[in-house]
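Chains as they are written, first to last, in this note's numbering: chain A, 178 to 478; chain B, 178 to 478. Glycine is no exception: its CB is placed at the ideal position from the N, C-alpha and C atoms. These numbers come from a predicted model, not from an experiment.
2 protein chains.
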Amino acid sequence: MTVVQLSGGVGGARMARGLAALDELDLTVIVNVGDDAANHGLAISPDLDTVVYTLAGLEGPHGWGRAGDTFAMNDELARFELDNTFKLGDRDVALKIYRTQALAGGAKLSAVTGTVAGSFGIEARIVPATDDPLHTMVRIADGWVTFQEYFVARGHQDEVLELRFDGADSAKAAPGVVEAIASAELVIIAPSNPPLSIWPILAVGEIRDAVEAHPAVTAVSPLIGGKTVKGPAGEVMAALGLPPGNQGVADAYAGLIDRLVIDSSDSDDVDSIEDIEIIVTDTLIEDPAAGARLAAELVGR
Amino acid sequence: MTVVQLSGGVGGARMARGLAALDELDLTVIVNVGDDAANHGLAISPDLDTVVYTLAGLEGPHGWGRAGDTFAMNDELARFELDNTFKLGDRDVALKIYRTQALAGGAKLSAVTGTVAGSFGIEARIVPATDDPLHTMVRIADGWVTFQEYFVARGHQDEVLELRFDGADSAKAAPGVVEAIASAELVIIAPSNPPLSIWPILAVGEIRDAVEAHPAVTAVSPLIGGKTVKGPAGEVMAALGLPPGNQGVADAYAGLIDRLVIDSSDSDDVDSIEDIEIIVTDTLIEDPAAGARLAAELVGR
Numbered sequence: 178m179t180v181v182q183l184s185g186g187v188g189g190a191r192m193a194r195g196l197a198a199l200d201e202l203d204l205t206v207i208v209n210v211g212d213d214a215a216n217h218g219l220a221i222s223p224d225l226d227t228v229v230y231t232l233a234g235l236e237g238p239h240g241w242g243r244a245g246d247t248f249a250m251n252d253e254l255a256r257f258e259l260d261n262t263f264k265l266g267d268r269d270v271a272l273k274i275y276r277t278q279a280l281a282g283g284a285k286l287s288a289v290t291g292t293v294a295g296s297f298g299i300e301a302r303i304v305p306a307t308d309d310p311l312h313t314m315v316r317i318a319d320g321w322v323t324f325q326e327y328f329v330a331r332g333h334q335d336e337v338l339e340l341r342f343d344g345a346d347s348a349k350a351a352p353g354v355v356e357a358i359a360s361a362e363l364v365i366i367a368p369s370n371p372p373l374s375i376w377p378i379l380a381v382g383e384i385r386d387a388v389e390a391h392p393a394v395t396a397v398s399p400l401i402g403g404k405t406v407k408g409p410a411g412e413v414m415a416a417l418g419l420p421p422g423n424q425g426v427a428d429a430y431a432g433l434i435d436r437l438v439i440d441s442s443d444s445d446d447v448d449s450i451e452d453i454e455i456i457v458t459d460t461l462i463e464d465p466a467a468g469a470r471l472a473a474e475l476v477g478r
Numbered sequence: 178m179t180v181v182q183l184s185g186g187v188g189g190a191r192m193a194r195g196l197a198a199l200d201e202l203d204l205t206v207i208v209n210v211g212d213d214a215a216n217h218g219l220a221i222s223p224d225l226d227t228v229v230y231t232l233a234g235l236e237g238p239h240g241w242g243r244a245g246d247t248f249a250m251n252d253e254l255a256r257f258e259l260d261n262t263f264k265l266g267d268r269d270v271a272l273k274i275y276r277t278q279a280l281a282g283g284a285k286l287s288a289v290t291g292t293v294a295g296s297f298g299i300e301a302r303i304v305p306a307t308d309d310p311l312h313t314m315v316r317i318a319d320g321w322v323t324f325q326e327y328f329v330a331r332g333h334q335d336e337v338l339e340l341r342f343d344g345a346d347s348a349k350a351a352p353g354v355v356e357a358i359a360s361a362e363l364v365i366i367a368p369s370n371p372p373l374s375i376w377p378i379l380a381v382g383e384i385r386d387a388v389e390a391h392p393a394v395t396a397v398s399p400l401i402g403g404k405t406v407k408g409p410a411g412e413v414m415a416a417l418g419l420p421p422g423n424q425g426v427a428d429a430y431a432g433l434i435d436r437l438v439i440d441s442s443d444s445d446d447v448d449s450i451e452d453i454e455i456i457v458t459d460t461l462i463e464d465p466a467a468g469a470r471l472a473a474e475l476v477g478r
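Right, dumping it as structure tokens:
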């Protein structure tokens, strides 16, 4: 079975890990790059790296970085009065250096990501949504800031007033992305933050068109008991005018999805959401086994 | 007393540490940048960093890097098939990242070095010979290679046939260097490799002229018992046609120095070297105390 997943960071990475654990499943994970940034001159791709490390079984304990990494370099940055809020683990820096140098040498992010995934022995295809510049910008009371400024530097405490995706208008889907969606038997939208993690992927016109044209698109809601497990999805969605609960998730993907998978704790939402099929199951992916169980249910096994 | 020292890496750094330990001594260390290189996109200044770390009391045990550093990043580079022969310690990488970013932002190497030295609490002025590009190139049997290729990648096993200093013709001395030499009561050429570490400094015309014009230039020979403590100075000097022993050191600095300080184990050389004053003493700097003793002798205390 061929499956394509659209993915942000932690939630998407855990969903992908579940799918990758299933036999005879050809998986392509299309990953948000709207959060990508240069930090200390290093090319940072937070969601791509979270997906890579999670599929490699090496994910850090807090939703970023590598398990068991050390922070000698990051700590030392303070000596030079550099902002080290965005924590770069020592082993993780090697990946960043590799990517930075490869991109500087003219390689495409999709090619670099393929090499990185291969170096960790990952069989699934992990592909950035686009090789072109695409930056999620967040308007807060103080004005427009980058995603990293909003999320890391300011600790996602500001109210999100508006989002835009700089570069999206001219960004092309990365090689193979449109074909992968078109030929997939199932497209899964991971339980990631809809506006902040999935909208930047769908902001690439070619990808949005391919998803819209696909007959079997299943979104997994990031809500558990009406709230997100991690990150500010609920607050962001409310601030952007989306209704509360899973109706907001359904609205975030209006016209795109055929099924919405919601958590058992939110089963009341079934009655109020119209026009799409609702599946109620346990969606919390606390460990690899839970991810594999959910994945099996999504693909009908 | 005002003293200027011309310096390469380890030997020069230890000599500088000895001078810095003396009371009421105003020290400027002018450091070779001919070995500077970009490695994995990071701006590497081997001799500047060795001088900084040694004056900070943080020098690594093998003549490079920082004491007690870890190598998680460097080890991990191998996963991406990057050459990690030139070892970058995790804490050391922070300094490299700081310098790389500061230079990319338009700062001069001399200013960056001043900030770095200050961040380690170093009182001596540490100044690169030049802020301009200047690269020591080494001709070996296979052709011209960079210093790092010759020294690190090939382990200084090749015979050195010729040297050249790319960029030296148009390089200006870094700010304050010429003035520091002109106003110094004593100029010391450190016990560094004359062709590979000191010639690149003297290749900057303004610096050579200032040293030539100075009435009190003392070179400390890097030879102990006719051989160098570390590195390939003896072989390099022989290959470049310089006579063996301290005559070769004297010839390497012909027309520039007024005194040559040689080790007690080479006292026989006194008789054969003409035209300059020879001082015989113990020049091996095994520890900070030995460096301070030698420094005191050089400045006449």
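Residue i touches chain A at which residues, Cβ-Cβ below 7 angstroms?
{"i": "residue 270/B", "result": "250 and 270"}
{"i": "residue 281/B", "result": "218"}
{"i": "residue 253/B", "result": "268 and 271"}
{"i": "residue 325/B", "result": "Those within 7 angstroms of residue 325/B in chain A number zero; the least Cβ separation is about 16 angstroms."}
Can you tell me which of the options puts its alpha carbon nearest to the alpha carbon of residue i?
{"i": "residue 461/A", "options": "453/A, 472/A and 300/A", "result": "472/A"}
{"i": "residue 376/B", "options": "256/B, 311/B, 392/B and 439/B", "result": "311/B"}
{"i": "residue 391/B", "options": "404/B, 355/B and 414/B", "result": "355/B"}
{"i": "residue 223/A", "options": "243/A, 205/A and 204/A", "result": "243/A"}
{"i": "residue 260/B", "options": "263/A, 257/A and 274/A", "result": "274/A"}
{"i": "residue 458/A", "options": "340/A, 307/A, 335/A and 399/A", "result": "399/A"}
{"i": "residue 287/B", "options": "296/B, 277/B, 298/B and 303/B", "result": "303/B"}
{"i": "residue 181/A", "options": "263/A, 307/A, 393/A and 348/A", "result": "393/A"}
{"i": "residue 282/A", "options": "217/B, 467/B and 414/B", "result": "217/B"}
{"i": "residue 284/A", "options": "262/A, 294/A, 308/A and 264/A", "result": "308/A"}
DSSP state of residue i, grouped into three classes?
{"i": "residue 261/B", "result": "coil"}
{"i": "residue 193/A", "result": "helix"}
{"i": "residue 459/A", "result": "coil"}
{"i": "residue 292/A", "result": "helix"}
{"i": "residue 371/B", "result": "helix"}
{"i": "residue 432/A", "result": "coil"}
{"i": "residue 220/B", "result": "strand"}
{"i": "residue 351/B", "result": "coil"}
{"i": "residue 450/A", "result": "coil"}
{"i": "residue 201/A", "result": "coil"}
{"i": "residue 406/A", "result": "coil"}
{"i": "residue 305/B", "result": "strand"}
{"i": "residue 187/B", "result": "helix"}
{"i": "residue 331/A", "result": "coil"}
{"i": "residue 206/A", "result": "strand"}
{"i": "residue 417/A", "result": "coil"}
{"i": "residue 336/A", "result": "coil"}
{"i": "residue 235/A", "result": "coil"}
Using a cut-off of 8 angstroms between C-beta atoms, extract the partners of residue i located in chain B.
{"i": "residue 220/A", "result": "By Cβ distance, chain B contributes nothing, its closest Cβ being about 10 angstroms from residue 220/A, past 8 angstroms."}
{"i": "residue 470/A", "result": "The premise fails here: residue 470/A is roughly 32 angstroms from chain B at the closest Cβ pair, so nothing lies under 8 angstroms."}
{"i": "residue 247/A", "result": "247, 249 and 267"}
For residue i, report the span of its beta strand (DSSP E) as first-last.
{"i": "residue 184/B", "result": "179-184"}
{"i": "residue 439/A", "result": "436-440"}
{"i": "residue 376/A", "result": "Residue 376/A -> not in any beta strand (DSSP E); alpha helix (DSSP H) instead, spanning 376-379."}
{"i": "residue 299/A", "result": "No beta strand (DSSP E) contains residue 299/A, which DSSP labels as neither H nor E."}
{"i": "residue 339/A", "result": "339-343"}
{"i": "residue 216/B", "result": "214-216"}
{"i": "residue 316/A", "result": "312-317"}
{"i": "residue 396/A", "result": "394-397"}
{"i": "residue 476/A", "result": "Premise fails: residue 476/A is in no beta strand (DSSP E) and is neither H nor E."}
{"i": "residue 323/A", "result": "320-323"}
Could you give the first and the last residue of the continuous alpha helix (DSSP H) run that contains residue i?
{"i": "residue 363/B", "result": "No alpha helix (DSSP H) contains residue 363/B, which is instead part of the beta strand (DSSP E) from 363-366."}
{"i": "residue 388/B", "result": "382-390"}
{"i": "residue 284/A", "result": "Here residue 284/A belongs to no alpha helix (DSSP H), and DSSP marks it neither H nor E."}
Give the residues of chain B in contact with residue i, contact being defined as C-beta atoms less than 9 angstroms apart.
{"i": "residue 316/A", "result": "Residues of chain B passing the Cβ test: none, with the nearest at roughly 27 angstroms."}
Check whether the Cβ of residue i lies closer than 9 angstroms to any Cβ atom in chain D.
{"i": "residue 417/A", "result": "Here the protein chains are A and B, and chain D is not one of them."}
Identify the contact partners of residue i in chain A, using a Cβ-Cβ distance below 8 angstroms as the criterion.
{"i": "residue 257/B", "result": "271, 272, 275, 292, 293 and 296"}
Is the beta carbon of residue i within less than 8 angstroms of some heavy atom of the ligand COA?
{"i": "residue 196/B", "result": "Judged by which ligands are present, the structure shown has none, so any question about the ligand COA falls away."}
Exercise. Contact between the segment 441-452 of chain B and the segment 419-431 of chain B: three or more CB pairs below 8 angstroms?
Worked result: Three or more pairs of CB atoms, one per stretch, sit closer than 8 angstroms, so the segment 441-452 of chain B contacts the segment 419-431 of chain B.
Exercise. If we count Cβ pairs, one from each stretch, closer than 8 angstroms, do we get three or more for the segment 378-398 of chain A versus the segment 407-419 of chain A?
Worked result: no
Problem set entry | Validate contact between the segment 267-286 of chain A and the segment 214-233 of chain A using beta carbons, cut 8 angstroms, 3 pairs | yes
Exercise. Quick one: any contact between the segment 393-410 of chain B and the segment 362-377 of chain B, if contact means 3 or more CB pairs under 8 angstroms?
Worked result: Judged by Cβ distances under 8 angstroms, the segment 393-410 of chain B makes contact with the segment 362-377 of chain B, as three or more pairs qualify.
Exercise. Taking three-plus beta-carbon pairs below 8 angstroms as touching, is the segment 244-260 of chain B in contact with the segment 244-263 of chain A?
Worked result: Yes, since at least three Cβ pairs between the segment 244-260 of chain B and the segment 244-263 of chain A fall closer than 8 angstroms, the two stretches touch.
Exercise. With a cut-off of 8 angstroms, do at least 3 Cβ pairs link the segment 323-340 of chain B to the segment 210-225 of chain B?
Worked result: Three or more Cβ pairs closer than 8 angstroms define a contact, and the segment 323-340 of chain B meets that threshold against the segment 210-225 of chain B.
Problem set entry | Three-pair Cβ contact test at 8 angstroms for the segment 192-208 of chain B versus the segment 286-301 of chain B | yes
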